[in-house]
Amino acid sequence: MARHLKMQLNGVAALASACRRPLPHKRGTCSSLLLPPPPLLQFFSTRIASNPQFHRFDFNNIKKLEDALFLFDEMLRMRPLPSTIQFTQLLTAVTKMKHYSASLSLYNEMGALGIPIDEYTMSIAINCCCHLTRVNCGFAILGSFFRRGIEPKVATFNTLLKGLVLEDRVPEAVQLAGNTSLAIQLLRLMEEEGKCKPDTVIYSTVIDGLCKDRVVDDALTLFSEMIEKCIPPNVVTYSSLIHGLCNNGRWKEVSRLLREMGERKISPDVRTFNIVVDGLCKQGMAEVAEREVLPMMRQRGEDPNVVTYTALIDGYCMRGQMEEARKRFDSMTDLGLVPNVITYSALINGYCKNLKVHEAMQLLRELPCKGLKPNVISYSSILQALFRSGRLGAVCDLFDHMKAEGLVPSTPMYCILLDGLCKNGHFAEALSVFSMLISKGIYLDIAVHTAIIDGLCKDGKLESARDIFDNLSSKGLMPDVITYNIMTNGLCQEGLLDEAKELLVKMEENGCMPNDVTYNTIVKGFLKRERYCEAMTLTEEMVARGFSADATTFAIVVDLLSSKSQDPAQLEMINRIFLTSKDGVKNIE
Numbered sequence: 001m002a003r004h005l006k007m008q009l010n011g012v013a014a015l016a017s018a019c020r021r022p023l024p025h026k027r028g029t030c031s032s033l034l035l036p037p038p039p040l041l042q043f044f045s046t047r048i049a050s051n052p053q054f055h056r057f058d059f060n061n062i063k064k065l066e067d068a069l070f071l072f073d074e075m076l077r078m079r080p081l082p083s084t085i086q087f088t089q090l091l092t093a094v095t096k097m098k099h100y101s102a103s104l105s106l107y108n109e110m111g112a113l114g115i116p117i118d119e120y121t122m123s124i125a126i127n128c129c130c131h132l133t134r135v136n137c138g139f140a141i142l143g144s145f146f147r148r149g150i151e152p153k154v155a156t157f158n159t160l161l162k163g164l165v166l167e168d169r170v171p172e173a174v175q176l177a178g179n180t181s182l183a184i185q186l187l188r189l190m191e192e193e194g195k196c197k198p199d200t201v202i203y204s205t206v207i208d209g210l211c212k213d214r215v216v217d218d219a220l221t222l223f224s225e226m227i228e229k230c231i232p233p234n235v236v237t238y239s240s241l242i243h244g245l246c247n248n249g250r251w252k253e254v255s256r257l258l259r260e261m262g263e264r265k266i267s268p269d270v271r272t273f274n275i276v277v278d279g280l281c282k283q284g285m286a287e288v289a290e291r292e293v294l295p296m297m298r299q300r301g302e303d304p305n306v307v308t309y310t311a312l313i314d315g316y317c318m319r320g321q322m323e324e325a326r327k328r329f330d331s332m333t334d335l336g337l338v339p340n341v342i343t344y345s346a347l348i349n350g351y352c353k354n355l356k357v358h359e360a361m362q363l364l365r366e367l368p369c370k371g372l373k374p375n376v377i378s379y380s381s382i383l384q385a386l387f388r389s390g391r392l393g394a395v396c397d398l399f400d401h402m403k404a405e406g407l408v409p410s411t412p413m414y415c416i417l418l419d420g421l422c423k424n425g426h427f428a429e430a431l432s433v434f435s436m437l438i439s440k441g442i443y444l445d446i447a448v449h450t451a452i453i454d455g456l457c458k459d460g461k462l463e464s465a466r467d468i469f470d471n472l473s474s475k476g477l478m479p480d481v482i483t484y485n486i487m488t489n490g491l492c493q494e495g496l497l498d499e500a501k502e503l504l505v506k507m508e509e510n511g512c513m514p515n516d517v518t519y520n521t522i523v524k525g526f527l528k529r530e531r532y533c534e535a536m537t538l539t540e541e542m543v544a545r546g547f548s549a550d551a552t553t554f555a556i557v558v559d560l561l562s563s564k565s566q567d568p569a570q571l572e573m574i575n576r577i578f579l580t581s582k583d584g585v586k587n588i589e
């Protein structure tokens with residue numbers, strides 16, 4: 001009882017001290033509070049302590065971050081402090097304005113000041129972490145739930161799962177056992193905790209992430225587990241699985257799932273059917289999609305939409321059937337469907353792949369008349385076609401047209417530009433454009449750097465290519481297997497075979513595995529320089545790794561074997577190379 005009385009007195013003293021503090025300045029004036037009589041102070045102290053809603057704030061009217069930050073500072077000055085609920089309401093207001101970093105900063109300040117934090121406050125912080133693609137921080141906050149003995153809500157787990165999917169980390173190898181992803185690990189954690197059971201939404205989110213990452217078998221296993229636990233799948237679950245199976249060309253399983261949906265009285269929606277249509281078209285089966293899926297859609301009461309026809313047009317374009325693609329495009333008007341910019345881009349891309357630049361340009365000019373704005377993808381397709389057709393003079397006109405539309409070239413477009421200039425022998429212009437882009441601070445990815453390295457090697461400027469290659473790491477770029485192969489070929493062309501071998505070792509040390517092109521490039525280099533022993537060693541290594549000699553490598557070997565000027569011992573070694581490689585080769589003849 002004495003302890004309780006002491007705590008009350010301490011609370012009264014703290015409040016008295018706060019009451020003596022002057023209020024914030026307002027319009028140049030300063031006010032101060034007089035200390036009320038002790039009995040009245042005790043009365044208010046009790047009422048304030050027992051009523052967390054004593055301070056009333058209108059959080060709904062907060063429209064600017066500055067207002068929220070000002071209010072936060074005001075709340076910190078109050079004694080006693082406003083309740084956790086009110087601080088959480090303020091965080092909610094900041095988060096709704098999409099100021100996720102600011103919301104997290106306020107959350108951290110609350111923790112540093114010892115302001116009590118509940119499950120709702122932590123859930124808001126997790127949500128902000130996921131929006132900022134910092135899911136690891138979200139998991140750290142989740143740990144606080146368990147340390148405090150608080151049971152997370154299903155919505156909290158949903159937020160983390162969606163965050164994992166946004167970061168493309170669903171099937172990530174940071175698991176405790178096997179190949180279980182972080183998302184599946186989270187499911188197991190939920191099950192172990194007991195009360196918070198994974199539901200349809202959570203399972204569907206994980207399945208969708210696995211399918212997007214092409215780990216379809218794991219998704220199917222999870223789906224079977226879901227059924228066994230009597231967690232009912234919905235149209236989203238099935239659509240995700242069908243999407244994953246379509247991407248892998250597993251059409252029998254797609255048909256099975258569609259039948260199963262009917263048995264479960266789950267109606268496929270237009271999105272489900274569009275996934276199937278798009279999958280078939282990407283596999284070169286546009287006719288099958290049109291003949292079998294479209295009637296099924298109509299039978300189920302779902303009319304094909306713009307997305308459906310865009311997929312069909314793209315499918316026919318992929319096969320070079322431009323007349324069929326154009327027919328589907330023109331038929332959209334009769335069906336009351338309005339092609340969008342993606343539809344136009346698909347048809348433009350088809351014409352460009354078939355080098356029908358005139359037709360592509362006509363469609364591009366038609367877009368503004370339809371109230372549509374061309375996108376960078378359309379221009380990139382035409383740019384590529386112009387380079388392939390050797391129409392370099394039209395490239396400048398295209399860029400001027402694009403600039404007039406207010407569009408900014410993308411990194412892939414710069415890559416097409418540099419690659420096109422190099423392939424057409426305009427190496428100096430390519431290097432000039434590359435230098436200009438670097439000087440303007442425009443981010444150029446590894447594909448752009450690879451294109452310019454390739455051009456420099458072909459132009460015989462190996463030293464310049466090597467300088468760019470060696471500086472990749474300083475720019476935060478990692479060369480891929482294509483970059484390494486181009487550099488290896490450049491070294492071999494200049495006879496720097498030992499350096500090429502060193503690069504082969506270096507690429508593996510950097511986590512980039514060589515492929516058949518890498519080995520064939522180096523083997524051909526050693527054969528041309530008559531270094532047969534090393535060619536033999538490399539060929540054996542190539543075959544041991546499951547690669548085989550390509551047609552050009554065999555052509556060199558055959559030429560050497562048919563040469564009468566070769567030393568018999570050397571011919572025997574070359575013959576051994578031929579036999580060693582032949583075991584790993586299929587369909588070379």
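Quick note on numbering: the sequence shown equals residues 1 to 589 in the UniProt record's numbering. The beta-carbon is built from N, C-alpha and C at its ideal position, and this holds for glycine as well. These numbers come from a predicted model, not from an experiment.
The region 371–381 makes contact with the region 340–352, as at least three CB pairs between them are under 8 Å.
Assigned with DSSP and collapsed to three states, residue 309 falls in helix. Just measuring C-alpha positions, the residue of 471, 477, 442, 430 sitting nearest residue 458 is 430. Excluding the 5 residues flanking it on each side, residue 451 has same chain C-beta neighbours closer than 7 Å at 415, 418, 419, 422, in chain order.
With a threshold of 16 other beta carbon atoms within 10 Å, residue 362 falls short and is exposed. With fewer than 16 other Cβ atoms inside 10 Å of its own Cβ, residue 330 counts as exposed. DSSP places residue 355 outside both helix and strand once states are collapsed to three, so it counts as coil. In the displayed model, residue 231 falls within coil according to three-state DSSP, outside both helix and strand.
Taking one beta carbon from each stretch, the region 258–267 and the region 230–239 have 3 or more pairs nearer than 8 Å; the two touch.
Assigned with DSSP and collapsed to three states, residue 341 falls in helix.
In this structure, the alpha-carbon of residue 129 lies about 36 Å from that of residue 311. In this structure, DSSP gives residue 285 a state outside helix and strand, which the three-state scheme calls coil. A distance below 8 Å separates the beta carbons of residue 477 and residue 446. The alpha helix (DSSP H) runs lying completely inside the UniProt repeat "PPR" (410–444) and spanning 4 residues or more are 411–423, 427–439, given in chain order.
Nearest in C-alpha terms to residue 499, of all of 360, 525, 316, is 525.
Taken in chain order, the complete alpha helix (DSSP H) segments of 4 residues or longer contained in the UniProt repeat "PPR" (234–268) are 235–247, 251–263. If the five residues before and after residue 261 are omitted, its C-beta is found closer than 7 Å to the C-beta atoms of 238, 268, all from its own chain and listed in chain order.
The beta carbons of residue 93 and residue 141 sit about 20 Å from each other, so the pair does not count as a contact at 8 Å. Contact check between the region 293–306 and the region 242–257: fewer than three CB pairs, one atom from each, fall below 8 Å, which does not count as touching.
In the three-state scheme derived from DSSP, where H, G and I count as helix and E and B as strand, residue 133 is classed as coil. Secondary structure at residue 315: helix, using DSSP grouped into helix, strand and coil.
Per DSSP, the continuous alpha helix (DSSP H) segment holding residue 295 begins and ends at 294–299. Taking 8 Å as the cut-off, the beta carbon of residue 333 is found no closer than this to the beta carbon of residue 309. The residues 450, 453, 454, 457, in chain order, have a CB closer than 7 Å to that of residue 486 in the same chain once the five nearest residues on each side in sequence are set aside.
Judged by DSSP in its simplified three-state form, residue 99 adopts coil rather than helix or strand.
When C-alpha distances from residue 90 are compared across 60, 227, 77, the shortest belongs to 60. In the structure shown, the three-state DSSP call for residue 153 is coil.
Per DSSP, residue 501 is one residue of the alpha helix (DSSP H) stretching across 497–509. With respect to residue 95, residue 117 sits apart: the two C-beta atoms are not nearer than 8 Å. A direct Cα-to-Cα measurement between residue 159 and residue 462 gives close to 51 Å. The beta carbon of residue 375 sits closer than 7 Å to those of 341, 345, all from its chain and outside the five residues before and after it, given in chain order.
DSSP places residue 211 inside the alpha helix (DSSP H), whose first and last residues are 200–212.
Contact check for residue 542 and residue 519: beta-carbon distance about 4 Å, within the 8 Å limit, so the pair qualifies. Taking the CA atoms as reference points, residue 465 sits about 13 Å from residue 494.
Comparing alpha-carbon positions, the option among 240, 328, 77, 104 lying closest to residue 211 turns out to be 240.
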